[in-house]
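Visitor: Residues in the sequence shown are numbered consecutively from -18, following our numbering.
Take this structure, written in structure tokens, and hold onto it; I'll ask about it next.
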Amino acid sequence: MMNPPHAPALLNCRVRDVVCGEGVRIVEPANVYECTLGDHCFVGPFVEIQKGVTIGARTKVQSHAFICELVEIGDDCFIGHGTMFTNDLFATGGPARGRKELWRATRIGHRVSIGSNATLLPVTVCDDVVIGAGAVVTRDITEPGIYAGNPARLIRKPS
């Protein structure tokens, strides 16, 4: 005989405990909590921005992006649709499972554009970088330019 069905716990997405600069716009539904958004930031629908994240002024985060804890994004950036940030490198062969001391930070400079569906492992990206759609950034980017591929590589220096 089957066990009776259990009702699931329903959790609502919401915007809570966000430090916002002037002119911030967030399109619902969005799950944005315990983070800081600079002046005139835009956050599209179906975005999650987790606690401790800092996003600089005039940065746009498009729909379906996921920005996890330990991420800092500079001013005048563009985060494309479906961009994923990670903080867990599975250093023990699997998920950290709450062991936050295993997580690593990501730092994105100013004037960085990240194309749709890019994935960023915990890295540092310097100012004035374009990351192509679908790229997988596995290493720090220390030189301005255009990066694409899996793993992301410099394909063109600024002119």
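In this text, a Cβ means the ideal position worked out from N, Cα and C, and glycines have one as well.
Please state the DSSP three-state secondary structure of Glu53.
Guide: Three-state DSSP puts Glu53 in a strand.
Visitor: Can you tell me the Cβ-Cβ gap for Val117 and Val106, rounded? I've got them flagged as a contact below 8 Å.
Guide: Their Cβ separation, rounded to whole angstroms, is 13 Å, which puts Val117 and Val106 out of contact at 8 Å.
Visitor: Name the residue from Cys1, Val(-4), Thr17 and Gly2 whose alpha carbon lies nearest to the alpha carbon of Val8.
Guide: The candidate whose alpha carbon is nearest that of Val8 is Val(-4).
Visitor: State buried or exposed for Leu70, treating a residue as buried only when at least 16 other CB atoms are found within 10 Å of its CB.
Guide: Classification of Leu70: exposed, given that the 10 Å Cβ count is below 16.
Visitor: By a C-beta neighbour count over all protein chains shown, 10 Å radius and 16 as the cutoff for buried, is Ala133 buried or exposed?
Guide: Per the 10 Å Cβ criterion, buried.
Visitor: Thinking Thr35 and Thr17 are a contact (beta carbons under 8 Å), I'd like their distance in whole angstroms, please.
Guide: The pair is a contact, with the Cβ atoms about 5 Å apart (cut-off 8 Å).
Visitor: Could you have a look at Lys41 and say whether DSSP puts it in helix, strand or coil?
Guide: Lys41: strand per DSSP, three-state reduction.
Visitor: Go to Val111, then tell me how far its beta strand (DSSP E) extends in each direction, as first and last residue.
Guide: That run of the beta strand (DSSP E) goes Val110 to Ile112.
Visitor: How should Leu141 be labelled, buried or exposed, when 16 other C-beta atoms within 10 angstroms of its C-beta is the threshold for buried?
Guide: Residue 141 lies beyond the range of the chain shown here (-18 to 140); nothing can be said about it.
Visitor: List the whole-angstrom C-beta distance separating Phe23 from Val42, where the pair is believed to meet the contact cut-off of C-beta under 8 Å.
Guide: Indeed they touch by this definition, with Cβ atoms about 7 Å apart.
Visitor: For Asn12, report the span of its beta strand (DSSP E) as first-last.
Guide: Element bounds for Asn12: Asn12 to Tyr14.
Visitor: For Glu3, collect the residues of the same chain with a Cβ closer than 8 Å to its Cβ; drop the 5 residues on either side in sequence, then sort them by chain order.
Guide: Cβ neighbours of Glu3 beyond the five flanking positions: Asp20 and His21.
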